[in-house]
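One structure is given below, encoded as structure tokens.
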Amino acid sequence: MCSQIPDTQSWEGVFYSQDTEGWTDSWGTLYAVKDRFKTVVLTKNEYSVGRLPSCDVVLSSENSVCDRNSLTPESQDHQKVHVGVKESLLGTLSKMHFKIKKDVCVVLEDNSSNGTFINGTLIGKGKKTILQSNDQISLAHPDYKVYVFIDKKVYSNNMEESAYPDGVKDDFVVSRSLGKGAYGEVMLVFQKKTFDRFAMKVVKKRTLNPTKDILMNEVNILRSLDHPCVIKIHNVVNSPESVFIFLDYMEGGDLFERVKSRGKLKESETKWISYQISKAVEYLHKQGIAHRDLKPENILLSSNVDNPIIKITDFGLSRFFNSQMVMQTVCGTPSYVAPEILETKGCGVYSNQVDVWSMGVILYVCLSGSLPFSSERQDMTLGEQICSGSYSFPVRYWKGVTKKAIDLVKKMMTVNPKLRIKVNMILSQSWFQDRDLEQLLSVTNLFKNSGDENEPPPKRQCLDAL
Numbered sequence: 001m002c003s004q005i006p007d008t009q010s011w012e013g014v015f016y017s018q019d020t021e022g023w024t025d026s027w028g029t030l031y032a033v034k035d036r037f038k039t040v041v042l043t044k045n046e047y048s049v050g051r052l053p054s055c056d057v058v059l060s061s062e063n064s065v066c067d068r069n070s071l072t073p074e075s076q077d078h079q080k081v082h083v084g085v086k087e088s089l090l091g092t093l094s095k096m097h098f099k100i101k102k103d104v105c106v107v108l109e110d111n112s113s114n115g116t117f118i119n120g121t122l123i124g125k126g127k128k129t130i131l132q133s134n135d136q137i138s139l140a141h142p143d144y145k146v147y148v149f150i151d152k153k154v155y156s157n158n159m160e161e162s163a164y165p166d167g168v169k170d171d172f173v174v175s176r177s178l179g180k181g182a183y184g185e186v187m188l189v190f191q192k193k194t195f196d197r198f199a200m201k202v203v204k205k206r207t208l209n210p211t212k213d214i215l216m217n218e219v220n221i222l223r224s225l226d227h228p229c230v231i232k233i234h235n236v237v238n239s240p241e242s243v244f245i246f247l248d249y250m251e252g253g254d255l256f257e258r259v260k261s262r263g264k265l266k267e268s269e270t271k272w273i274s275y276q277i278s279k280a281v282e283y284l285h286k287q288g289i290a291h292r293d294l295k296p297e298n299i300l301l302s303s304n305v306d307n308p309i310i311k312i313t314d315f316g317l318s319r320f321f322n323s324q325m326v327m328q329t330v331c332g333t334p335s336y337v338a339p340e341i342l343e344t345k346g347c348g349v350y351s352n353q354v355d356v357w358s359m360g361v362i363l364y365v366c367l368s369g370s371l372p373f374s375s376e377r378q379d380m381t382l383g384e385q386i387c388s389g390s391y392s393f394p395v396r397y398w399k400g401v402t403k404k405a406i407d408l409v410k411k412m413m414t415v416n417p418k419l420r421i422k423v424n425m426i427l428s429q430s431w432f433q434d435r436d437l438e439q440l441l442s443v444t445n446l447f448k449n450s451g452d453e454n455e456p457p458p459k460r461q462c463l464d465a466l
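Under the UniProt record's numbering, the first residue of the sequence shown is numbered 1, with each subsequent residue one higher.
Next comes the structure, spelled out in structure tokens:
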């Protein structure tokens, strides 16, 4: 006999999948945006989500869901969706967390103790709100996003009026905007047949430099890349006006948002993230690709947990744009740009060393929570500071940071690219000779099948003097 379901616990800030069903005759869909949640096709007029076994979407422990998956087909309950949630999270979710009802409009009723959030706004226990297409649903905490609701009728009408090509509309559900970058808008999309999530980057061709054939050839080269810390291109749809690039969806957001929300990162977490960035950039350079626009916004995180897996995005895109477009991008975020790019206004010939400089600035920002250069200085412009390497390590920002970390920042942020440390030498520095880092790499097995080493470089002759 099952034990009694415990009452809801308070939210303590703890922090996830999809079944393969088609785009059926339904009035809407709850698309899962957490790895351990499952997409729900809505056909009934009312659905309930919670820990009670009577709910339509049953939130239970990961182990119980694993046990259920091992049952014979005859013994499984095909009328319910069972979602495995981490034990640390499960207690924060209510027995009856929320209900969705379809009447004249779609209404969500919050029945939870810790709250149901729509687009980050709390509904409140016992209260109702109209649920609109593309609304994002979070449970117990605004950051614990689990579903995006798509109203099929609204979506179909919008798609009829949209400019998306058939290759996008036929195979994908286009949901929310994930943000706009220098090279185009990024949308959250779901594959109709599998419910798999992707980030779709929309690049307008009018901003591109190469011809169509050269562009698609280059995109296919990028598509062939395979590294655990480099964003994967899964599909490309080409239209007369735009190129639609389908990338990994990273639910943890980007490194900029993490540093902004936390003030700065712990040195141990910074080391883990920097290790992955170094591995990824070294891989790209071996493939003949310089990023040229490395910054925290282009470092994506797998989740909101400490020590996440990272993936670099927007690599190689800068070479598709003319020099004026590149410099417009540089002027928008000059703080991470290497001196040699600023000195030539984006038109000169420079090496892969530009990425090492940017990596150094990212390392500086993560460790201190501040930028090395300031537009508020009266004696030097921002460009003059960068080109002369005029930066320092104020104690109020750098207190507690080890000398080894600071020394590495200096080697990466050396103005002369010929004297700047090479990317393949970064991980040989003493800062990375760390037992905790080695253990983390062992646990994650991150580079096991990538052709990279599965652990930090062995301790060898001291390279810190380079």
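All residues carry an ideal CB built from backbone N, CA and C; glycine is no exception.
Between the region 163-172 and the region 46-65, the count of C-beta pairs closer than 8 Å stays below three; the two stretches do not touch.
For A199, the beta-bridge partners assigned by DSSP are L188, L247. The DSSP-derived three-state label of F432 is helix. Here T414 is not bridged, per DSSP, to any residue. The beta carbons of F315 and I289 sit closer together than 8 Å. Of the residues L93, L131, N298, the one whose Cα lies closest to the Cα of S113 is L93.
In terms of Cα proximity to S177, the closest of L42, V189, L440 is V189. When Cβ pairs closer than 8 Å are counted between the two stretches, the region 422-434 is seen to touch the region 393-413, the count reaching three or more. For N304, the secondary structure class from DSSP, reduced to helix, strand or coil, is coil. In the displayed model, A32 falls within a strand according to three-state DSSP.
The Cβ-Cβ distance between V85 and K38 does not fall below 8 Å. E109: member of the beta strand (DSSP E) spanning 106-110, first to last residue.
A distance of 8 Å or more separates the beta carbons of I231 and R223.
L108 and K153 have their C-alpha atoms some 18 Å from each other. Excluding the 5 residues flanking it on each side, V361 has same chain C-beta neighbours closer than 7 Å at S335, Y336, P372, M413, in chain order.
In this chain, the beta strand (DSSP E) harbouring T116 covers 116-118. In the three-state reduction of the DSSP assignment, R396 falls in the helix class, which pools H, G and I. Distances from the alpha-carbon of H291 to those of K125, S368, I245, I312 put I312 closest. Under the three-state reduction of DSSP output, Y144 falls in the coil class, being neither helix nor strand.
Taking M200 as reference, the option from Q385, V236, R206, P228 with the minimal CA-CA separation is V236. Counting only the Cα atoms, S303 lies some 26 Å from L131. Contact annotation: L30 and F149 have beta-carbon atoms nearer than 8 Å. Assigned with DSSP and collapsed to three states, T129 falls in strand. Beta bridge pairing from DSSP links D151 with G28. If you keep only unbroken alpha helix (DSSP H) runs of at least 4 residues inside the region 248-314, you get 255-262, 267-286. Between the beta-carbon of V259 and that of C366 there is about 6 Å, and that keeps the pair under the 8 Å contact cut. According to the DSSP secondary-structure assignment, Y47 is paired through a beta bridge with I100. Beta-bridge partners assigned by DSSP to F172: Q191. Going by DSSP, Q136 is part of the beta strand (DSSP E) stretching over 136-139. Put simply, the backbone Cα of C105 is about 23 Å away from that of K145.
Residue nearest to D25 within the set D151, L441, R206, L89 is D151 (criterion: CA-CA distance). Within the same chain, and ignoring the five residues on either side of V33 in sequence, the residues whose Cβ sits closer than 7 Å to its Cβ are K145, V146, Y147, V148, R197, E251.
A Cβ-Cβ contact shorter than 8 Å links G369 with G263. Annotation for W272: N307, L437, L440 place their beta carbon closer than 8 Å to its own, counting only its chain and skipping 5 residues before and after. Scanning its chain for C-beta atoms nearer than 8 Å, with the 5 sequence neighbours on each side dropped, one finds around L363 the residues T270, S274, A405, L408, V409, M412, in chain order. In the DSSP assignment, N424 falls within the unbroken alpha helix (DSSP H) covering 423-426.
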